[in-house]
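Our numbering applies: residue 792 is where the sequence shown begins, and numbers increase by one. This report concerns only the one structure given below.
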Amino acid sequence: MPADATEVAVAAKVGAALFLLVPYAGISAYYEGGAADQWNMIIGGDKAPLAAFKHTADATTAYAQSRLMLNFVIDVGGYGVLGFLVAYKLWTEASLLFYLFGTFIIGIVDLAFLFLMVWPGRVIVFSPESLGGPVIRALAVMITPFGLPAFTNAVVKAKSG
Numbered sequence: 792m793p794a795d796a797t798e799v800a801v802a803a804k805v806g807a808a809l810f811l812l813v814p815y816a817g818i819s820a821y822y823e824g825g826a827a828d829q830w831n832m833i834i835g836g837d838k839a840p841l842a843a844f845k846h847t848a849d850a851t852t853a854y855a856q857s858r859l860m861l862n863f864v865i866d867v868g869g870y871g872v873l874g875f876l877v878a879y880k881l882w883t884e885a886s887l888l889f890y891l892f893g894t895f896i897i898g899i900v901d902l903a904f905l906f907l908m909v910w911p912g913r914v915i916v917f918s919p920e921s922l923g924g925p926v927i928r929a930l931a932v933m934i935t936p937f938g939l940p941a942f943t944n945a946v947v948k949a950k951s952g
């Protein structure tokens, strides 16, 4: 490991790439399915099966639902932008501050999604796709510290001391 704290170690770059994978997967799923399939992306679990879901015919309710869906998509996109920023700062600087942003801010969102929508909420189908974001983020959180300068410098000092 390099002693120079400005040199970004490989583990930080791997972590940065993993943080990029999450928003890419979400954006791809949205554009491949189109707006008509938004509900199908969000429901389908055993507590909200597709066959039992009734789309409203009431204009006011439909409007409110469409605004909630739009808000959800914008929120996810905002966290995706934060994910890109975290990935960039990890890739270029191995920034501890941005690692912590990625760990805690994006982590709160991923855990809320996991526990409210996937398990035990079971609104979304429990599948590799629905678990992908939280699992990838967890891997990024675990791998990235090994490339941060504080960690690599401590390893170098321990080996030389």
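Ideal Cβ positions, reconstructed from N, Cα and C, are used throughout, including at glycine.
One alpha carbon belongs to residue 880, the other to residue 886, and they sit about 6 Å apart.
Under a 10 Å Cβ-count criterion, residue 849 is classified as exposed, with fewer than 16 other Cβ atoms of the shown protein chains found around its own Cβ. Contact between the segment 919-933 and the segment 893-905 is present: three or more C-beta pairs spanning the two stretches fall below 8 Å. Judged by their CB atoms, residue 867 and residue 894 are not nearer to each other than the 8 Å cut-off. Look at residue 935 here: in three-state DSSP terms it is helix. Just so you know, the alpha carbons of residue 912 and residue 946 end up roughly 42 Å apart. For the pair residue 877 and residue 889, the CB atoms are nearer than the 8 Å cut-off. Taking all protein chains shown into account, residue 943 has 16 or more neighbouring C-beta atoms within 10 Å of its C-beta and is therefore buried.
In the same chain as residue 917, and ignoring 5 residues on each side of it, the C-beta atoms closer than 7 Å to its own belong to 836, 909, 910, in chain order. Shown here, residue 839 sits in coil according to DSSP, grouped into three states, outside any helix or strand. Residue 915 sits buried, since 16 or more C-beta atoms from the chains shown fall within 10 Å of its C-beta.
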